[in-house]
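In the order they appear, the protein sequences are chains U and D. Note that the UniProt record's numbering numbers the first sequence so that position 86 is 86, with each residue one more than the last. Note that the UniProt record's numbering numbers the second sequence so that position 411 is 411, with each residue one more than the last. Every residue gets a Cβ at the ideal spot worked out from N, C-alpha and C, and that includes glycine. Since this is a predicted model, take the numbers as computed values, not measurements. What follows is one structure encoded as structure tokens, with my remarks underneath.
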Amino acid sequence: MFPKPPSLGKVLIFWQSWWDTQEKEGILPERAEEAKLKAKYPSLGQKPGGSDFLMKRLQKGQKYFDSGDYNMAKAKMKNKQLPSAGPDKNLVTGDHIPTPQDLPQRKSSLVTSKLAG
Amino acid sequence: MRKLFAFLSVFPTLKDLMWEIDWSDIISTVEFNHSGELLATGDKGGRVVIFQQEQENKIQSHSRGEYNVYSTFQSHEPEFDYLKSLEIEEKINKIRWLPQKNAAQFLLSTNDKTIKLWKISERDKRPEGYNLKEEDGRYRDPTTVTTLRVPVFRPMDLMVEASPRRIFANAHTYHINSISINSDYETYLSADDLRINLWHLEITDRSFNIVDIKPANMEELTEVITAAEFHPNSCNTFVYSSSKGTIRLCDMRASALCDRHSKLFEEPEDPSNRSFFSEIISSISDVKFSHSGRYMMTRDYLSVKIWDLNMENRPVETYQVHEYLRSKLCSLYENDCIFDKFECCWNGSDSVVMTGSYNNFFRMFDRNTKRDITLEASRENNKPRTVLKPRKVCASGKRKKDEISVDSLDFNKKILHTAWHPKENIIAVATTNNLYIFQDKVN
């Protein structure tokens, strides 16, 4: 004889609990990831990732240096130390004046590529 | 997949790899020429290295020619635009070969701002027996010349010279992401974030703007151009992709300025699935026409899509490259990997497409059999003719033996650039600073 099939009620209960598990694990993993990100950075803009990145992309390579500011700062702060650059030397913030020492040291690329042996 | 790929070569060939990765060694583009005999790479240091396949008659019948270094030169150098306070990287963004017309080879290479046409020519003879010059080049005193002779050409060791023939500069305010040579072999386009320009290969002081999506007010900027390519057969047709996941096809016969597209390819999105990441991961990082010209392929962060040029409302095929990353988007956003720009390529018969991933994995999708494979570019497999073993990433749950879990993937080992020989099953795969060449196993 064939085994008795489970009753409809049991099937529905099983289905509901499977669905709940899926929801918890995230049928939409993207949404779960978004929630994680918003929890870490609550001030993240309301608009979806878009124009902030675009503007940053368009401004790639921009370096700011004002010789007037630099010399004035040097003169004013003869005794004190110039506020040094933070970890990201390319970002100019606050009182920090970019100095030649801050510029990332560029190694000469006029050396043959290692691919060429 | 019936095809089995085996290791052929890796560059640099040095076995001792103790050096740190110098930023200038990072490979930024890989491209076969039209015959497949030459393979060019560009790097962040502005250098181009060209490899040449060994010729048929020199090799044994059971193997195809290996690639050896043919030429290397400094294409671009770092610059500083003092007026705009802008640092211009020497990184080679793209290399495109011209079809061969004579003994010399020509290629276009570009960094963020300037495109250059390079001529690569061979010299294997030199003139000897001048009347007024010694062999070392010093001039002879004419009064000592008593007889005349005709100089002759004598063979010399092969020398490969690269010389810049044209420099196409000052036409791009934003950063060049693509160059594409027209099928008329006389013109080419260059695309930056907001504009596309049309050039004639002979004319460097003039270029026509054919697409301009810069808004009058930059605050209204919502999308940028990410890639552009000319149609392989129709010289009036080109496409460009955007950061919003759309592709526009333009016909240059319609108007001088192609701001209005002829076709707009866009897959409708279910608004209920939208998240913070949706737009970022839909940004198209590469667009490539099939050799036939009937289809085009786009690469976004998680997938490869094949579009039929006759159907705009959705792709005809979609292949998931690494869907398991969807549940890692938060950390991929934090470490900036979500902005990685992967390229994609077709094989010569348009039956297989290939793209890179993380952990030095790369993926191939067979359009006919619908089978896919994941392979790894690693020096562990570098005995010649070693067949590559398929890899598998375990997304969740119990990891089988030989599988690698998502959390163990190395996101610093990215394969962004791959290329497929136009005629044979030979592929070039670039890891961060190594170039691997694989060929299919010939039994």
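Could you give the distance in angstroms between the alpha-carbon of residue 367 of chain D and the alpha-carbon of residue 245 of chain D?
In a straight line, the C-alpha of residue 367 of chain D is about 22 Å away from that of residue 245 of chain D.
Is the CB of residue 54 of chain U under 7 Å away from at least one CB in chain D?
Cβ-Cβ to chain D under 7 Å: yes for residue 54 of chain U.
Within the segment 223–299 of chain D, ranges of the beta strand (DSSP E) (whole runs, at least 3 residues):
Counting only runs of 3 or more, we get 225–230, 237–242, 247–251, 263–265, 286–289, 295–299.
Three or more C-beta pairs below 8 Å linking the segment 174–184 of chain D and the segment 228–240 of chain D
Touching, yes, given that three or more Cβ pairs across the two stretches are closer than 8 Å.
Distance cutoff 7 Å, beta carbons only. Does residue 224 of chain D sit that close to anything in chain U?
At a cut-off of 7 Å between C-beta atoms, residue 224 of chain D counts as an interface residue with respect to chain U.
What's the C-alpha gap between residue 23 of chain U and residue 33 of chain U?
Bear in mind that the predicted position of residue 23 of chain U carries a pLDDT of just 49, short of 50, making it unreliable; the figure below should be weighed with that in mind. One C-alpha to the other measures close to 13 Å.
Rounded to whole angstroms, what is the Cα-Cα separation between residue 36 of chain U and residue 334 of chain D?
Cα to Cα, the separation comes out at about 11 Å.
Contact list for residue 36 of chain D against chain U, beta-carbon separation under 8 Å
Taking the beta carbon of residue 36 of chain D as reference, no residue of chain U falls within 8 Å; the closest one sits roughly 19 Å away.
Can you pull out the residues from the segment 336–348 of chain D whose beta carbon lies closer than 8 Å to at least one beta carbon of chain U?
Residues 339.
Just how far apart, CA to CA, sit residue 26 of chain D and residue 248 of chain D?
Their backbone Cα atoms lie some 31 Å apart in a straight line.
Residue 197 of chain D, DSSP secondary structure in three states:
It is a strand residue.
Considering only the alpha carbon of each residue, which of D:171, D:375, D:109 lies closest to residue 204 of chain D?
The residue with the shortest Cα to Cα distance from residue 204 of chain D is D:171.
Assign residue 401 of chain D to one of two classes, buried (16 or more other C-beta atoms within 10 Å of its C-beta) or exposed (fewer than that).
Note on residue 401 of chain D: under 16 other CB atoms within 10 angstroms of its CB, so exposed under the neighbour-count rule.
Quick one: Cα of residue 79 of chain D to Cα of residue 165 of chain D, how far?
Roughly 20 Å between the two C-alpha positions.
Quick one: is residue 116 of chain U near chain D, going by C-beta distance under 7 Å?
So, interface residue.
Could you give the residue range of the alpha helix (DSSP H) that holds residue 311 of chain D?
For residue 311 of chain D, there is no enclosing alpha helix (DSSP H), as DSSP gives it neither H nor E.
As assigned by DSSP and simplified to three states, the class of residue 61 of chain U:
Three-state result, residue 61 of chain U: coil.
Would you decide whether residue 114 of chain U is buried or exposed? Buried here means 16 or more other CB atoms lie within 10 Å of its CB.
Under the 10 Å beta carbon count, residue 114 of chain U is surrounded by 16 or more other beta carbons and is classified as buried.
Would residue 64 of chain U count as contacting chain D if we go by Cβ distances under 7 Å?
Under the Cβ criterion of 7 Å, residue 64 of chain U is counted among the residues facing chain D.
Could you spell out where the alpha helix (DSSP H) holding residue 329 of chain D opens and where it closes?
Where residue 329 of chain D is concerned, the enclosing alpha helix (DSSP H) stretches over 329–334.
Secondary structure at residue 94 of chain D, three-state DSSP: helix, strand or coil?
Residue 94 of chain D falls in the strand class under three-state DSSP.
Considering only the alpha carbon of each residue, which of D:189, D:282, D:126 lies closest to residue 157 of chain D?
Taking only the C-alpha atoms, the option nearest residue 157 of chain D is D:126.
Contact set between the segment 248–280 of chain D and chain U, restricted to residues whose Cβ is under 9 Å from the partner:
Within the segment 248–280 of chain D, the residues whose Cβ lies closer than 9 Å to some Cβ of chain U are 272, 273, 274, 275, 276, 277, 278, 279, 280, listed in chain order.
Can you give me, in chain order, the residues of the segment 180–205 of chain D that have a beta carbon less than 9 Å from any beta carbon in chain U?
Cβ proximity to chain U below 9 Å picks out 193, 194 from the segment 180–205 of chain D.
In the DSSP assignment, find the unbroken beta strand (DSSP E) run with residue 215 of chain D in it and report its ends.
Premise fails: residue 215 of chain D is in no beta strand (DSSP E) and is neither H nor E.
Go ahead and pull the three-state DSSP assignment for residue 25 of chain D.
The three-state secondary structure of residue 25 of chain D, taken from DSSP, is helix.
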